[in-house]
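Participant:
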Amino acid sequence: MRSFKHRNFRILFSANFISNIGTWAQGVAQAWLILELTNSGSYLGVVTALQFLPTLFFSISGGKIADKLNKRKVLMFTNLTGGLSALSVGTLVLTENIKIWHVMFFAFMLGMGNAIDAPVRQSFNVEVVGKDDLPNAVGLNSANFNTGRLIGPGLSGLLIAAYGTGVSFILNGISYLIVIVALLNIREADLFREERKSSSTKVREALRYVAARPDILSVMITVFFATSFGLNFNIFNTMMATQVFDKSAAEYGALGSILAIGSLSGAIISARLEKKRGPRFVMIGSMIFSALLVAGSFAPTYLIYAIFLPFIGCVALLTFIGANTMVQMRTDSQIRGRVMGIYLTVFLGGTPIVSPFIGWMTQVIGTRETIGICGSISLLAALVTYSQFHDKGAPPASVAVADVLEPAYEDKKD
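Residue numbers for the sequence shown follow our numbering, so the first one is 172 and each next one is one higher.
(1) Helix, strand or coil, according to DSSP, for L331 in the structure here?
(2) Quick one: grab the DSSP three-state call for I189.
(3) Is it buried or exposed for P471, if we count other Cβ within 10 angstroms and need 16 for buried?
(4) Can you give the Cα-Cα distance for Q559 and I269, rounded to whole angstroms?
(5) Whole angstroms is fine: what's the gap from D585's alpha carbon to G282's?
(6) Drop a sphere of 10 angstroms on the beta-carbon of F404, count the other beta-carbons inside from all chains shown, and report buried for 16 or more, exposed for fewer.
(7) Going by DSSP, what residue range makes up the alpha helix (DSSP H) through R375?
(8) What residue ranges within the stretch 299–352 form continuous alpha helix (DSSP H) runs of no fewer than 4 residues, ordered along the chain?
(9) Between the Cα of E267 and the Cα atoms of T409, L204, P527 and E359, which residue gives the shortest distance?
(10) If I'm right that F316 touches L221 with Cβ under 8 angstroms, what's the distance once you round it to whole angstroms?
(11) Assign E207 to one of three DSSP states: helix, strand, or coil.
(12) Expressed to the nearest angstrom, what Euclidean distance is found between the alpha-carbon atoms of L329 and N250?
(13) In angstroms, rounded to a whole number, what distance separates the CA positions of F452 and N495?
(14) Terminal residues of the continuous alpha helix (DSSP H) containing L463?
(15) Is T249 helix, strand or coil by DSSP?
(16) Kindly indicate which residue of T252, H561, F416 and G335 has the alpha-carbon position closest to the one of S346.
(17) Which of the three DSSP states, helix, strand or coil, is assigned to N268?
(18) In the DSSP assignment, find the unbroken alpha helix (DSSP H) run with T393 in it and report its ends.
(19) For A420, which of helix, strand or coil comes out of DSSP?
(20) Is A466 closer than 8 angstroms to L550 when the C-beta atoms are compared?
(21) Are I167 and G433 touching if we call contact CB-CB under 8 angstroms?
(22) Secondary structure at N179, three-state DSSP: helix, strand or coil?
(23) Kindly give me the distance between the Cβ atoms of Y214 and I287, rounded to whole angstroms, as I take these residues to be in contact under 8 angstroms.
(24) Out of K563, N241, R443 and F528, which has the shortest C-alpha to C-alpha gap to R358?
(25) Between which residues of its own chain and I231 is the CB-CB distance below 7 angstroms, once the five residues before and five after are set aside?
(26) Excluding the 5 residues flanking S190 on each side, which residues of the same chain have their C-beta closer than 6 angstroms to its C-beta?
(27) Which residues in the same chain as F395 place their Cβ atom closer than 7 angstroms to its Cβ, once the five residues preceding and following it in sequence are excluded?
(28) If you drop the 5 nearest sequence neighbours on each side, which residues of the same chain put their C-beta closer than 8 angstroms to that of M275?
(29) Give the single residue among I548, V297 and I439 whose Cα lies nearest to the Cα of N179.
(30) Check this for me: beta carbons of N343 and Q197, under 8 angstroms apart or not?
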């Protein structure tokens, strides 16, 4: 728990706890609202795609911003964008003026803010606690996120049953404002900022850096397939609860909270593992996660499906926290923002491409079959990546940009 000795971390941790509850509450409310308006798994996939589409195109730009501008001020702007989007949808629902195109538009706007927010926030972690405490901070932040995931869906399910979906959006909008207040109270003098060695913010430099690092490249390939095909629980849980098991809003919301029990356990374990993770850890973790997902697709009852979810969530969090921490720890500070922008594009960038297809598949071939196919694709990708990279996981002697890239330049000259 070393990160709590930092005042700035304590302030952000407290605010993010409230915001994470709001984020997960809105996620459940948004999926339920889409089904109320359209009764269509395809629309659920389309809205998910619109929300994550900006990540595909703008996360690397967010990484450039992280390497260039004041991260605290950028985060205030992105949280303001998210808060206004949530409050707008909530107001439209409560006034009974909501249409599906409103949901689609504001999901896209939220995605625009998140595309910039995510790489900036990831890079800001190092400034808040310093590099020595970064693995601990990543684990604690993930535990925080998944505590919100534990509380938010169940709370939202109860609110939907009692008042409809609008209240969850309003609460999330307010939670964004709390984060802005926390950011205003950050002491910049206490931040761990390294002297910038270069003013370059070229994306191609970061792409060459990743390509020259098989340890980072193998993790990004594994993460891309696992997240694009495996981390679609907003679709999987929604369709399993409503179409397969014919459950209510409260029972649907409970699935998100049950998944979060495992995710929170994984985050707590991860905070104790510290730096003992590399590419092999991520690739093997992805194999186990994918196999569990396939097995869960065969669950004959709601209860058995719910029992699978904590195990899936635990392995997923251990795997993806390991990937996130490894990429941050092994990347040179002057290029970290851009590399994290690439990582987050990989982490979320496949979702807008795959989600509409997944939503369509649930209606054409069935929900169980869709989940089984997605898990199988993720498993196969992890196996192939492991076969190609399992012996190339050691970082170079130096992670400095020039030290990693210069040999490649010299080879070209020869």
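Just so you know, even glycine gets a beta-carbon here, dropped at the ideal spot from N, CA and C.
Facilitator: Taking the coordinates as given:
(1) With the sequence shown as reference, residue 331 is identified as Ile, and Leu is not the correct amino acid for it. If DSSP states are grouped into helix, strand and coil, I331 belongs with the helices.
(2) DSSP places I189 in helix when its eight states are reduced to three.
(3) Exposed is the call here.
(4) Going from the Cα of Q559 to the Cα of I269 covers about 50 angstroms.
(5) At D585, the pLDDT of 44 sits below 50, so the modelled position is not reliable; the number obtained from the coordinates is stated separately. Rounded to whole angstroms, the separation of the alpha carbons of G282 and D585 is 45 angstroms.
(6) Buried: at least 16 other Cβ atoms inside 10 Å.
(7) From DSSP, the alpha helix (DSSP H) with R375 extends over V374 to A382.
(8) Here the runs fully enclosed are 305–334.
(9) With distances taken between Cα atoms, E267 lies closest to L204.
(10) At roughly 23 angstroms, the Cβ-Cβ gap does not stay under 8 angstroms, so F316 and L221 are not in contact.
(11) DSSP places E207 in helix when its eight states are reduced to three.
(12) Straight through space, the alpha carbons of N250 and L329 are spaced by roughly 26 angstroms.
(13) Take the alpha-carbon of F452 and the one of N495: they are about 12 angstroms apart.
(14) DSSP places L463 inside the alpha helix (DSSP H), whose first and last residues are P450 to G467.
(15) Residue state, collapsed to three classes: helix.
(16) Nearest to S346 by C-alpha distance, out of T252, H561, F416 and G335, is T252.
(17) Per DSSP, reduced to three states, the secondary structure at N268 is coil, with no helix or strand assignment.
(18) First-last of the alpha helix (DSSP H) with T393: P385 to F396.
(19) If DSSP states are grouped into helix, strand and coil, A420 belongs with the helices.
(20) L550 is not a Cβ neighbour of A466, given a cutoff of 8 angstroms.
(21) Residue 167 lies beyond the residue range present for the chain, which begins at 172 and ends at 585; the question has no answer from this structure.
(22) The answer is helix: DSSP assigns N179 an H, G or I state.
(23) Cβ atoms of Y214 and I287 stay farther apart than 8 angstroms, at about 26 angstroms.
(24) Of K563, N241, R443 and F528, the smallest CA-CA separation from R358 is found for N241.
(25) These residues qualify, in order along the chain: V374, R509, G512, I513 and T516.
(26) Here the set comprises S346 and V350.
(27) So the qualifying residues of the chain are V517 and G521.
(28) The residues are V217, V218 and L221.
(29) It is V297.
(30) A contact, by the Cβ cut-off of 8 angstroms.
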